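Enquirer:
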Amino acid sequence: MVLRSVPPRALPALFRILVCLGLSWFVALATSSGLADELLAPERPVEEAIDHYIDARLQAEGISAAAPAPDAKLLRRTLLDLVGRIPTATEAQAYAANPDAAKRLQLVEQQLGSPSFVRFQAERFNQLLMAGSNSNLRDYLQAAFQENRPWNQMFREMMLGREDDPEQKGALQFVRARAADLDKLTNDTSALFFGVNISCAQCHDHPLVADWSQDHFYGMKSFFARTFENGGFVGERAYGNLNYKTNKGESRDARLMFLTGTLIEEPAAAEPTDEQKKAEKKELEELKTKKQPPSAPASSRRVKLVEAALAAGEPGFFARAIVNQVWQQYFGRGLVHPIDQMHSANAPSHPELLTWLARDFATHNYDLRRLQRGIVLSKAYARDSVWTSNERPLSETLAVASIRPLSPQQYAMALRMAVVHPDHLPADLSPEEFEKRMAGIEGGARGMASLFEHPGADFQVSVDEALAMANGERVERELLRDGKDTLLGKLTTLERPQALELASWTVLSRALAPEETQAINTYLDARSDRLPEAYRQVLWAMLASGECRFNH
Amino acid sequence: MTQAHSPPTTKAPLILTRRATLQTLAAAGSAFAAAKMDVLDVLQSPVLADELKRQQKRVIVLWLAGGASQLETFDPKPGRPTGGPFKAIPTAVPGTHISELMPQIAQRVGQMAIIRSLSTGNADHGGGAQLMHLGRREEPTVRFPDIGAMLAKELGRPESQVPDYVNFYTATEGRGSAVGQSGFLGSRFLPMFLTSDSTPANLARRDSINPLDHQQRLELRKLLSDRFAAGRTSSSLASHHEAYARVPGLMASAKLFDIEQEPETIRAKYGPTLFGQQVLVARRLIEAGVPFVKVSRAWWDSHGQNFETHLELVSELDHVLSALIDDLRDRGLLEHTLVVTLSEFGRTPNINASLGRDHFANAWSVSLTGCGVKGGAVYGKSDEDGQKVEDGKVGAKELFATIFRAVGLDHQKSYQLGARPIPLTEPGTQPISEVLA
Chain A
169 MVLRSVPPRA
179 LPALFRILVC
189 LGLSWFVALA
199 TSSGLADELL
209 APERPVEEAI
219 DHYIDARLQA
229 EGISAAAPAP
239 DAKLLRRTLL
249 DLVGRIPTAT
259 EAQAYAANPD
269 AAKRLQLVEQ
279 QLGSPSFVRF
289 QAERFNQLLM
299 AGSNSNLRDY
309 LQAAFQENRP
319 WNQMFREMML
329 GREDDPEQKG
339 ALQFVRARAA
349 DLDKLTNDTS
359 ALFFGVNISC
369 AQCHDHPLVA
379 DWSQDHFYGM
389 KSFFARTFEN
399 GGFVGERAYG
409 NLNYKTNKGE
419 SRDARLMFLT
429 GTLIEEPAAA
439 EPTDEQKKAE
449 KKELEELKTK
459 KQPPSAPASS
469 RRVKLVEAAL
479 AAGEPGFFAR
489 AIVNQVWQQY
499 FGRGLVHPID
509 QMHSANAPSH
519 PELLTWLARD
529 FATHNYDLRR
539 LQRGIVLSKA
549 YARDSVWTSN
559 ERPLSETLAV
569 ASIRPLSPQQ
579 YAMALRMAVV
589 HPDHLPADLS
599 PEEFEKRMAG
609 IEGGARGMAS
619 LFEHPGADFQ
629 VSVDEALAMA
639 NGERVERELL
649 RDGKDTLLGK
659 LTTLERPQAL
669 ELASWTVLSR
679 ALAPEETQAI
689 NTYLDARSDR
699 LPEAYRQVLW
709 AMLASGECRF
719 NH
Chain B
13 MTQAHSPPTT
23 KAPLILTRRA
33 TLQTLAAAGS
43 AFAAAKMDVL
53 DVLQSPVLAD
63 ELKRQQKRVI
73 VLWLAGGASQ
83 LETFDPKPGR
93 PTGGPFKAIP
103 TAVPGTHISE
113 LMPQIAQRVG
123 QMAIIRSLST
133 GNADHGGGAQ
143 LMHLGRREEP
153 TVRFPDIGAM
163 LAKELGRPES
173 QVPDYVNFYT
183 ATEGRGSAVG
193 QSGFLGSRFL
203 PMFLTSDSTP
213 ANLARRDSIN
223 PLDHQQRLEL
233 RKLLSDRFAA
243 GRTSSSLASH
253 HEAYARVPGL
263 MASAKLFDIE
273 QEPETIRAKY
283 GPTLFGQQVL
293 VARRLIEAGV
303 PFVKVSRAWW
313 DSHGQNFETH
323 LELVSELDHV
333 LSALIDDLRD
343 RGLLEHTLVV
353 TLSEFGRTPN
363 INASLGRDHF
373 ANAWSVSLTG
383 CGVKGGAVYG
393 KSDEDGQKVE
403 DGKVGAKELF
413 ATIFRAVGLD
423 HQKSYQLGAR
433 PIPLTEPGTQ
443 PISEVLA
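Line by line, the protein sequences are chains A and B. Per my numbering, residue 169 is the first one in the first sequence, and the count goes up by one each step. Per my numbering, residue 13 is the first one in the second sequence, and the count goes up by one each step.
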């Protein structure tokens, strides 16, 4: 079924990719089926479905997955992913020591219900949707995630937000920030909401992917062609059609067409006369002065886009794209990878799983929290990131956990949390007070986050980061200060073994290995005349370590 | 003039061949070293290391920000209505004339190729600067690397102890549009960006830690990180390790930014201007193995008083570029170093009412000197008033392909961005072979 849906022109490319991926996978794909009615039953828990499909591929390829990650490591990973922070030493030790089998479920439920989760999701999605923009969606996203608003509703609001509704007006920032560059609006909408990067098809039919032609690009752009900005408000005209030149030089009228190739019917719109245009211009100028939004057209093309994207029976660009997007946040790669290349020549690593998850997502009210809960509770998510036997399996098999660079906010938060005095975050703090203090540390971490680059695909750490960590004034001032309110202040009051244990659990969420203890002791012994400085340097070495810099 | 700087009559003592390299390495008796023969640090012979370092290709771009006039530099039109007050003078290459504002460069045209037929179609500061940094049009969803990032990646060495992309831009005018970007190549190839005449940020050790502690603290960091990296494979993790490994070398390279380290005679040659001093730093960086340096000089945007502006700026360029060419040649570096003068566009032949020239991208000039260049070549021709290209029209991509070829790179080499291959220059682009050696 999967193969039959591929347009014939794409087959050679698909075949090449299949060969690249290895024959065993090809066999697995060819013998399994993408038919919805043959999928695992819809009532199975999300985490079970995930493990079912991932284990099936591992079994087919004869790979035994990595062991589960140690508890404290998994706690660190889970907290970084759900709420953007590391555990305190007390939390990590308590979690590791807790024999209750239900502790993982409790942890996940508790975090998913926390204000930190809402804040972190808002920040993460703002970065995703508004990267490189001067404006942001933070307030809107914060309110939306607060009530776990369905993703389809959020999409509708981001495309169509009403200017007279304070909540939705914020959502429309997505369009407003791009209204002056409709190519960007078209591309970003396609890539972010549908997982399809059609920018190649702007100037010519996609050279590699038979799915995407210039008709697709201009078909998608047509949905936005009437959108404009007027005095800070988004408006849409009732007329106007796109015309473009094919790469053969032929002039062609764009048709309103969704990515699926579905053509959208709309009432014919006559071009206005010069006089009407003049009147329109005058009206818009007046609205600008009055700071009022332009009136909406009787037939909005952006409404048509939302209808087409969310139409019942659409083959799932919308749901699949967000499932894939979220999946990447937790596994470091999409089920389809890269995530903006969802097309027939770039098959998913686990086709049925993606289909199952997209179906589950759509039938459960586009619930992002449910999806994330399932991902985090899966065994696949909980594996160790260390692979010691033979060759490390392909990352797409998910046999072993990925090593993911922290976002600037996550790393800054980890650094700032790691240096506070443990008494500032005691175990018996009420959840409300703990949240309050976390929010405070988050605020402080925002400045430090500017030292780090946001990680894109195949992220490379810059020397600027290493230099800023090694010699930066801010790092010295904010992380290495020896005071009553800092970890360093506490360390110098402890006996050395207790000091090292506290430092290690605080920064790395684990005990030190004997050879590490030995190395650090040697380091400290050589500086017994200036132990406070030596502790500062040991703390720095931990903060700047790969282990602290990455989620693993 | 040229006699005063004639090249040394004897060749460098060691001509490096692959065989010589292998022999030296074999003498060192290490199969490990042979397997990593591109890793200079394993070389025991300082002479060999020096020679290898010298043969590494590098590029210096002199970014004439705001748009230098081709009519007052490489494509004068004396006696025409568009010509302006300055004359054209003959050069060391018979038949080639350039503006009288460049008497010293005129003597060095034999080492230079001039392209007079750039037609780049974008006469807007932002768009023009972007085009002349990327060699292509930006796409909404692809962030391309600029030429510095591409050359840093292609010509630099991963384990290099020096920076591999240094970008000077002291003035504030136009700085925003000429900022370096590494795009999809990642932040490993971001420029070290200097916006004042001092050394780059965070190169100096803080007073709160002594040198030995600073070094051993890095070693302790490495010990912890190496233990963590065992059994974990990730290119991002490797880049983290690499970035920290480069810290001591980069800190040691702080002295490269200090021209006090140069003899007075050399400093005098470059002159007292900030531009001259930064170009001297560029030479010091190049000599130490930095593959790409851009020095920006602003602000050439002479909408009014074009001729006064150019009298000042071209005279300075004439002096500084000539000093750089001589200095590189005297050190045996010129044949491995390409020096490019580049702007976002040229200036209109028409002289406006304020005696200015405006933005103009239809027929303008650049120069390429040194590595891989056919000295004395002049490519392309504008019409008699300089209004349009009459012969040999080329755009940014052809220029970029030529630069890549001049330093020995395949201009069609591709990076893989997801499913999409992205060559150094757009598919089908041809370098300007007439200016290549």
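Quick reminder that beta carbons are idealized off the backbone N, C-alpha and C, glycines included. Given the structure is predicted, the values throughout are model-derived calculations rather than measurements.
1. Please work out which residues of its chain come closer than 7 Å, Cβ to Cβ, to V643/A, disregarding the five sequence neighbours upstream and downstream, and give them in chain order.
2. Who are the neighbours of H252/B on chain A, taking C-beta pairs under 7 Å?
3. Residues of chain B with CB under 7 Å from W673/A, in chain order?
4. I'd like to know whether the C-beta of H371/B is nearer than 8 Å to at least one C-beta of chain A.
5. Can you name the start and end residues of the alpha helix (DSSP H) that R642/A belongs to?
6. Indicate whether at least one CB of chain A lies closer than 8 Å to the CB of Y256/B.
7. Check whether the segment 338-356 of chain A and the segment 483-502 of chain A are in contact - that is, three or more C-beta pairs closer than 8 Å.
8. Among N415/A, D552/A, L243/A and G399/A, which residue has its Cα nearest to the Cα of E451/A?
9. Are the C-beta atoms of E724/A and some chain B residue less than 8 Å apart?
10. Comparing alpha-carbon positions, which option in I72/B, T211/B and P97/B lies nearest G160/B?
11. Which residues does DSSP list as the beta-bridge partners of K306/B?
12. Does any C-beta atom of chain A lie closer than 8 Å to the C-beta of E171/B?
13. In three-state terms, what does DSSP make of K413/A?
14. Rounding to the nearest angstrom, what Cα-Cα distance links L329/B and V631/A in this structure?
15. Measure the C-alpha to C-alpha separation of L424/A and L473/A and round it to an integer number of angstroms.
16. Following the continuous beta strand (DSSP E) through R129/A, name the residue where it begins and the one where it ends.
17. Answer yes or no: does any C-beta atom of chain B fall closer than 8 Å to that of H720/A?
18. Give the interface partners of T556/A over in chain B, defined as CB-CB distance under 7 Å, in chain order.
19. So which residues on chain A does A183/B lean against when the C-beta distance must stay under 9 Å?
20. Counting contacts by CB-CB distance shorter than 8 Å, is I218/A in contact with chain B?
21. What residues in its chain sit with their C-beta under 7 Å from that of I426/B, if we drop five residues either side in the sequence?
22. Would you say S367/A lies against chain B (beta-carbon separation less than 8 Å)?
23. Alpha carbon to alpha carbon, what distance is there between D383/A and T430/A?
24. For a quick check, are the C-beta atoms of K409/B and R155/B less than 8 Å apart?
25. So is G640/A in contact with chain B if we call contact Cβ pairs under 8 Å?
26. With a 10 Å radius around its C-beta and 16 neighbouring C-beta atoms as the bar for buried, classify A335/B as buried or exposed.
27. Return the residues of the segment 537-567 of chain A that lie within a Cβ-Cβ distance of less than 8 Å from chain B, sorted by chain order.
28. Can at least three beta-carbon pairs, one atom from the segment 539-546 of chain A and one from the segment 405-422 of chain A, be found at a separation below 8 Å?
29. Comparing C-alpha positions only, which one of T211/B, V291/B, A241/B and V259/B sits nearest to K267/B?
30. Roughly how many angstroms lie between the CA atoms of R239/B and P682/A, to the nearest whole one?
31. For a contact meaning CB atoms closer than 7 Å, what does A264/B contact in chain A?
32. Does chain A have any CB closer than 8 Å to the CB of S379/B?
33. So that I know if they touch, is there some Cβ in chain A lying closer than 8 Å to that of A431/B?
34. So N398/A is in the beta strand (DSSP E); what residue range does that whole segment cover?
35. Roughly how many whole angstroms lie between the Cα atoms of N364/B and G398/B?
36. In the DSSP assignment, find the unbroken beta strand (DSSP E) run with G608/A in it and report its ends.
Expert: Reading from the atomic positions:
1. A636 and M637
2. V629, G714 and R717
3. None at all; the shortest Cβ gap to chain B is about 14 Å.
4. no
5. E641 to L647
6. yes
7. no
8. G399/A
9. Residue 724/A is absent from the structure shown; chain A starts at 169 and stops at 720.
10. I72/B
11. V73/B and N179/B
12. no
13. strand
14. 32 Å
15. 9 Å
16. A question about residue 129/A goes unanswered here, because the residues of chain A that appear run from 169 up to 720.
17. yes
18. G243
19. Result: empty, since nearest Cβ-Cβ is about 22 Å, beyond 9 Å.
20. no
21. Reading off the sequence shown, one finds Ser at residue 426/B, where the question assumed Ile. Closer than 7 Å at Cβ, skipping near neighbours: P433, I434 and P435.
22. yes
23. 11 Å
24. no
25. yes
26. buried
27. S553, V554, W555, T556 and R560
28. no
29. T211/B
30. 12 Å
31. Residues of chain A passing the Cβ test: none, with the nearest at roughly 13 Å.
32. no
33. yes
34. T395 to N398
35. 15 Å
36. Here G608/A belongs to no beta strand (DSSP E); instead the alpha helix (DSSP H) covers P599 to A617.
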